[in-house]
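Its first residue numbered 31, the sequence shown is counted upward by one per residue in our numbering.
For every residue, glycine included, the Cβ atom is placed at its ideal position computed from N, Cα and C.
Predicted, not measured: the structure shown is a model, and the values here were computed from it.
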Amino acid sequence: MPGYEPFLLCDFHVHTSWSDGRLSLRETVDLYGATGCFDVIAITDHILMERDLLARAGRLATLGRRRFSLTREGFPAYLAEIEAEAARARREYGMLVIPGAEITQNHLRGRFNSHIIGLGLKEWISADQRADDILRDIRRQDGLSIACHPHHRTTRRIEISTCYLWDHRKELAPLVDVWEAANRDDLFSVTSLKHYPYVANSDFHRGKHLYSWKTLLRCDKSWPAVKAALRANVDVALMLFRKDRWA
Ligand code: ZN
Ligand code: ZN
Numbered sequence: 031m032p033g034y035e036p037f038l039l040c041d042f043h044v045h046t047s048w049s050d051g052r053l054s055l056r057e058t059v060d061l062y063g064a065t066g067c068f069d070v071i072a073i074t075d076h077i078l079m080e081r082d083l084l085a086r087a088g089r090l091a092t093l094g095r096r097r098f099s100l101t102r103e104g105f106p107a108y109l110a111e112i113e114a115e116a117a118r119a120r121r122e123y124g125m126l127v128i129p130g131a132e133i134t135q136n137h138l139r140g141r142f143n144s145h146i147i148g149l150g151l152k153e154w155i156s157a158d159q160r161a162d163d164i165l166r167d168i169r170r171q172d173g174l175s176i177a178c179h180p181h182h183r184t185t186r187r188i189e190i191s192t193c194y195l196w197d198h199r200k201e202l203a204p205l206v207d208v209w210e211a212a213n214r215d216d217l218f219s220v221t222s223l224k225h226y227p228y229v230a231n232s233d234f235h236r237g238k239h240l241y242s243w244k245t246l247l248r249c250d251k252s253w254p255a256v257k258a259a260l261r262a263n264v265d266v267a268l269m270l271f272r273k274d275r276w277a
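Following this line, the structure appears as structure tokens:
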């Protein structure tokens, strides 16, 4: 579209083996980098609640071999590895890598569930606090918050609805920077009813998730410019990034 280039191809929701992703951080950076298409990705591993039941069950099922959550003690090492990988990604692929986390609240009663991404984080954020306090903590760190898959998800084998932020949008919307209008294959078109700022992400956990909804942004390839562009939500496009026909 003449006059509208260049857009940056972005994915702001990516998990690695620091939590429940299948690939290491380095392998993930190489997968995105090797496409030669991506300009910006954010690494957003899970921070779970201390008593997350699914994670406990998962640890038992995998005999403790898989991690499901970042830990407070491990958080500085996680940020340090992202920083090192970001320098390599910039050098090898011209790709901007942003540090983040998905603060994940899975309660027994689904109506309390929220998944909140904080981008540009500098410090640990506990998942064992109220959603509004998580959002305030992201603001305090000068980060950017994303309300993840904010409505019912029906394409997963196990449905875990994460509607808390949407159900409480009257009080919480002023604290949320951007809402996921698309996540992997799903569209959360309810977000358009309130004219909230949008973003579209892969929620990457394994290789095939590369082919999913993405965001195009028109701005400089730097974190301050990306943050401002997401908040302003003017030069934004949602894009379905696919290789083959989807089944
Ligand atoms: Zn999530
Ligand atoms: Zn996620």
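Own chain residues within Cβ distance below 8 Å of residue i, not counting five before or after
i: leucine 174; result: Gly148, Leu149, Gly150, Ile168, Asp207, Val208, Lys257, Leu260 and Arg261
i: tyrosine 194; result: Gln135, Arg141, Phe142, Asn143, Ser144 and Ala161
Beta-carbon separation (whole angstroms), residue i vs residue j, contact threshold 8 Å
i: arginine 214; j: serine 232; result: 6 Å
i: lysine 251; j: aspartate 69; result: 6 Å
i: leucine 205; j: arginine 166; result: 7 Å
Unbroken beta strand (DSSP E) run spanning residue i, endpoints
i: isoleucine 168; result: Unbroken run through isoleucine 168 is the alpha helix (DSSP H), 161-170; no beta strand (DSSP E).
i: threonine 245; result: 242-247
i: leucine 38; result: 38-44
i: tyrosine 228; result: 228-231
i: threonine 101; result: Run containing threonine 101: none; DSSP gives neither H nor E here.
Neighbourhood of residue i by C-beta distance below 6 Å, restricted to the same chain and skipping five residues each side
i: serine 47; result: Ser54
i: methionine 269; result: Lys244 and Leu246
Contacting residues, own chain, Cβ-Cβ under 7 Å from residue i (five flanking each side not counted)
i: alanine 20; result: Given that the chain is displayed from residue 31 to residue 277, the structure contains no residue 20 and the question cannot be resolved.
i: aspartate 172; result: Gly150
i: alanine 107; result: none
i: threonine 192; result: Asn143, Ser144, His145, Cys178, His179 and Pro180
i: arginine 272; result: Tyr241
Span of the alpha helix (DSSP H) around residue i
i: alanine 116; result: 105-123
i: leucine 84; result: 83-91
i: threonine 134; result: Premise fails: threonine 134 lies in the beta strand (DSSP E), 126-135, not in any alpha helix (DSSP H).
i: valine 256; result: 253-262
i: leucine 55; result: 55-64
i: aspartate 265; result: That residue, aspartate 265, is in no alpha helix (DSSP H); it is neither H nor E in DSSP.
Span separating the alpha-carbon of residue i from that of residue j
i: arginine 89; j: arginine 97; result: 7 Å
i: histidine 239; j: isoleucine 73; result: 14 Å
i: alanine 116; j: cysteine 40; result: 15 Å
i: leucine 100; j: glycine 94; result: 14 Å
i: threonine 221; j: arginine 86; result: 32 Å
i: phenylalanine 234; j: phenylalanine 218; result: 17 Å
i: tryptophan 253; j: leucine 109; result: 15 Å
i: glutamine 159; j: glutamate 111; result: 27 Å
i: tyrosine 123; j: glycine 66; result: 7 Å
i: arginine 170; j: histidine 182; result: 29 Å
i: glutamate 57; j: glutamate 201; result: 40 Å
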